[in-house]
Ligand code: IPD
Ligand code: CA
Ligand code: CA
């Protein structure tokens, strides 16, 4: 049984998801046009955020809202704030790759208490509430994978491709970690990466320079699925400084050590 709060969030995400899925169909057609679908995609993105904002506002008019596209609206409530990435995985969306999500988290007095990550093409809805566990499509309780050694772990990373010095660091980390693990993956949607760590699909995940809307939804999911999540210094609560390392406690410790060994 979903809570009333989760119902509101799911309603907003599925409505935005329907809009994205429709636009995604169009993007697949636009791949062959010379101009390409870039403008179309930013409109799809903005439209999805508008839907989430409006839907959530209808039920919780006093809550604040922080969204990637429209920025922050301070709520009169002072305690609650939605954090939303309406389209996480824009590059995938733009290229017709069906790996993207609507991601929403609710912050209460500075703490993430509810979240979801919804992929409308795969129709996978990951949800979490503080103390209530993490779930896939309301039916399957999520647990992080049980593997204890990096050598048997499939780890996912996020990497920036803009050629900055931080990317060089991530590449060095990759060079150090890849030979030590069973597999490396890159999905292009950080909220999905964290949801998949919670679901035990990925044993570990690391990325730097993320935004709060990329991290907040999956952060609660990993914790509710029994996982560990921190920044690169090992400090928990890593939503605001952009660095994330996640996994079960064993993989988290080993991944963190490997990351720290590289500079
Ligand atoms: C991006 C994705 C990607 C991550 C980037 C994010 P966007 O979000 O989550 O996986 O590597 O850091 O910015 O731009 O698709 O919303
Ligand atoms: Ca994002
Ligand atoms: Ca986005």
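Numbering (the numbering used here), first residue to last: 3 to 265.
Glycine is no exception: its CB is placed at the ideal position from the N, C-alpha and C atoms.
Determine, using beta carbons only, whether residue i and residue j come nearer to each other than 8 Å.
| i | j | result |
| --- | --- | --- |
| residue 146 | residue 229 | yes |
| residue 98 | residue 29 | yes |
| residue 152 | residue 186 | no |
| residue 234 | residue 253 | no |
| residue 149 | residue 205 | yes |
| residue 101 | residue 191 | yes |
| residue 263 | residue 200 | no |
| residue 58 | residue 14 | yes |
| residue 87 | residue 65 | no |
| residue 68 | residue 85 | yes |
| residue 138 | residue 126 | yes |
What residues are listed by DSSP as bridge partners for residue i?
| i | result |
| --- | --- |
| residue 149 | Answer is none; residue 149 lacks a bridge partner. |
| residue 104 | 120 |
| residue 226 | Note: residue 226 sits in no beta bridge, so no partner. |
| residue 143 | 137 |
| residue 300 | Not covered by the structure: residue 300. The range shown for the chain is 3 to 265. |
| residue 98 | BP columns for residue 98 are empty, so no partner. |
What number of angstroms, rounded off, separates the C-alpha of residue i from the C-alpha of residue j?
| i | j | result |
| --- | --- | --- |
| residue 155 | residue 106 | 28 Å |
| residue 32 | residue 39 | 6 Å |
| residue 111 | residue 241 | 14 Å |
| residue 171 | residue 211 | 12 Å |
| residue 24 | residue 176 | 36 Å |
| residue 19 | residue 12 | 10 Å |
| residue 89 | residue 27 | 15 Å |
| residue 45 | residue 63 | 25 Å |
| residue 161 | residue 189 | 10 Å |
| residue 16 | residue 122 | 7 Å |
| residue 42 | residue 70 | 17 Å |
| residue 243 | residue 258 | 16 Å |
| residue 95 | residue 256 | 33 Å |
| residue 2 | residue 236 | As displayed, the chain neither begins before 3 nor continues past 265, which places residue 2 out of reach and without an answer. |
| residue 83 | residue 174 | 37 Å |
| residue 182 | residue 61 | 48 Å |
| residue 114 | residue 213 | 15 Å |
| residue 49 | residue 56 | 11 Å |
Apart from the five residues on each side of it in sequence, which residues of its chain come closer than 8 Å, Cβ to Cβ, to residue i?
| i | result |
| --- | --- |
| residue 196 | 119, 207, 217, 219, 220, 221, 223, 224, 231, 246 and 248 |
| residue 180 | 186 |
For residue i, which residues of its own chain have a beta-carbon under 7 Å away from its beta-carbon, when the five flanking residues on both sides are left out?
| i | result |
| --- | --- |
| residue 8 | 116, 129 and 131 |
| residue 47 | 71, 88, 89 and 92 |
Quick one: what's got a C-beta closer than 6 Å to residue i's C-beta in the same chain, skipping five residues either side?
| i | result |
| --- | --- |
| residue 134 | none |
| residue 267 | No answer is possible for residue 267: the residues shown for the chain start at 3 and end at 265. |
| residue 74 | 68 |
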